[in-house]
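Chains as they are written, first to last, in this note's numbering: chain A, 610 to 757; chain B, 80 to 229. A short write-up of the structure that comes next.
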C-alpha cells in the first residue's frame with residue numbers, strides 16, 4: 610500500500626514533509642512519489658492537519674456474489690441506460706440538453722455495472738469479462754490481466 | 080460464473096467505470112487501458128440517428144414504472160443495500176430526466192436562457208441553473224463533483 614494526496618484538500622502546511630522518512634511526500638507535482646513511499650508507514654496520513662492524505666491499497670477483498678435475480682435486474686437497467694445514452698449521443702452536437710442526458714445516462718449505466726459484478730477493476734467479475742474478450746482485443750486484455 | 084451477454088455500449092460503460100475505479104486507485108496505466116477498451120466497444124455500438132431527444136421518453140417510462148421497481152424489490156428482498164442505493168439515486172435522477180424533457184419540450188432553448196447545464200459526476204443528476212449547486216440534492220456530492228456541459 611502507499612499514500613496518495615487529495616490535492617483539492619491539501620492546505621500546504623507541509624507537516625507531511627517533516628515526518629516522511631524517505632522524502633516521498635516532497636515532489637514537484639504535489640503528488641506522492643509512490644515508488645519512495647514506505648508500505649504501511651502512514652506517518653504523513655496521521656500528521657496531516659487537513660486530512661488530505663490517504664492510503665491506496667494494493668489488493669482488495671473478494672466481494673460476495675449477488676443473487677442472480679438482482680444481477681439480471683441490474684443488467685436490464687444497464688441496457689436501458691446505454692440505449693438512452695445512444696439516442697442522446699446522436700443529438701449531442703445539436704443540443705446541450707441531449708449532451709447532458711447522454712452523460713447522465715452513462716453515469717447511471719456505470720452505477721448499474723458497479724453494483725452488479727464490476728465494482729473493482731481487479732475483481733473476479735471484471736477479470737472474467739476481460740477473459741471473454743481476449744480474442745477481440747488480445748494486447749489490452751493481456752496487459753490488464755498481467756498487471757491487475 | 081454464468082455467461083452474461085452485454086451489448087457493446089454496455090461493455091463500454093462497464094469499462095469506463097473500471098477506468099474511473101482504476102484512476103481512483105492511482106493505477107493510471109490500467110485506467111488508460113480500460114478507457115481504450117471502453118472506446119473500442121463504444122465504436123462497435125449501434126449508432127442511432129434520433130430526430131428528437133424525446134425518443135428517450137419511452138425508456139424513461141419503462142425504467143420508472145418497471146425496471147427500477149423490480150430491481151428495488153429484489154434489493155430489498157436480498158438485503159442488498161448497495162443495489163438499493165443505486166436504485167434510489169437512479170430513479171430520482173431518471174425522474175429528473177423526465178421533468179427536464181417535459182420542460183424542454185414546452186419551452187425549447189428558452190429553458191437554457193441565462194442558465195448553465197451541470198451534471199453531477201457521482202450520480203448523474205442534471206441541474207439547469209445560473210450557478211453550480213453547492214451540494215448535489217440526490218447524492219450530496221460537493222460542487223467540485225459537478226461538470227458544466229458546454
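Glycine is no exception: its CB is placed at the ideal position from the N, C-alpha and C atoms.
Span of the beta strand (DSSP E) around residue i
i, result
"residue 235 (chain B)", "Absent from the model: residue 235 (chain B). The displayed extent of chain B is 80 to 229, so no value can be given."
"residue 614 (chain A)", "611–614"
"residue 217 (chain B)", "Per DSSP, residue 217 (chain B) belongs to no beta strand (DSSP E) and is neither H nor E."
"residue 227 (chain B)", "225–228"
Rounded straight-line distance, which links the Cα of residue j to that of residue i
i, j, result
"residue 623 (chain A)", "residue 657 (chain A)", "8 Å"
"residue 697 (chain A)", "residue 626 (chain A)", "48 Å"
"residue 709 (chain A)", "residue 203 (chain B)", "9 Å"
"residue 106 (chain B)", "residue 645 (chain A)", "16 Å"
"residue 142 (chain B)", "residue 689 (chain A)", "7 Å"
"residue 186 (chain B)", "residue 725 (chain A)", "38 Å"
"residue 683 (chain A)", "residue 655 (chain A)", "39 Å"
"residue 125 (chain B)", "residue 695 (chain A)", "8 Å"
"residue 778 (chain A)", "residue 210 (chain B)", "Since the displayed chain A opens at 610 and closes at 757, residue 778 (chain A) lies outside it and no answer follows."
"residue 676 (chain A)", "residue 189 (chain B)", "46 Å"
"residue 120 (chain B)", "residue 631 (chain A)", "43 Å"
"residue 163 (chain B)", "residue 170 (chain B)", "10 Å"
"residue 714 (chain A)", "residue 146 (chain B)", "15 Å"
Neighbourhood of residue i by C-beta distance below 6 Å, restricted to the same chain and skipping five residues each side
i, result
"residue 80 (chain B)", "Reliability of the predicted coordinates at residue 80 (chain B) is poor, the pLDDT of 49 falling under 50, and the value obtained from them is presented with this limitation in mind. Excluding positions up to five away in sequence, the list is empty."
"residue 686 (chain A)", "721"
"residue 661 (chain A)", "614, 615, 618, 619"
"residue 148 (chain B)", "none"
"residue 109 (chain B)", "101"
"residue 207 (chain B)", "194, 196"
"residue 749 (chain A)", "none"
"residue 213 (chain B)", "222"
"residue 735 (chain A)", "727"
Residue-level contact to chain A via CB, residue i, 8 Å cutoff
i, result
"residue 138 (chain B)", "yes"
"residue 218 (chain B)", "no"
"residue 86 (chain B)", "yes"
Residue i at chain B interface by Cβ criterion, 8 Å
i, result
"residue 684 (chain A)", "yes"
"residue 698 (chain A)", "yes"
"residue 730 (chain A)", "yes"
"residue 659 (chain A)", "no"
"residue 610 (chain A)", "no"
"residue 651 (chain A)", "no"
"residue 720 (chain A)", "yes"
"residue 744 (chain A)", "no"
"residue 710 (chain A)", "yes"
Chain-order list of residues whose beta-carbon lies under 7 Å from that of residue i (same chain, five-residue window excluded)
i, result
"residue 113 (chain B)", "94, 97, 98, 101"
Continuous alpha helix (DSSP H) stretch holding residue i: start and end
i, result
"residue 714 (chain A)", "705–722"
"residue 96 (chain B)", "87–103"
"residue 729 (chain A)", "Counting along the chain, residue 729 (chain A) falls outside any alpha helix (DSSP H), and DSSP gives it neither H nor E."
Three-state secondary structure assigned by DSSP to residue i
i, result
"residue 750 (chain A)", "helix"
"residue 202 (chain B)", "coil"
"residue 742 (chain A)", "coil"
"residue 183 (chain B)", "helix"
"residue 641 (chain A)", "coil"
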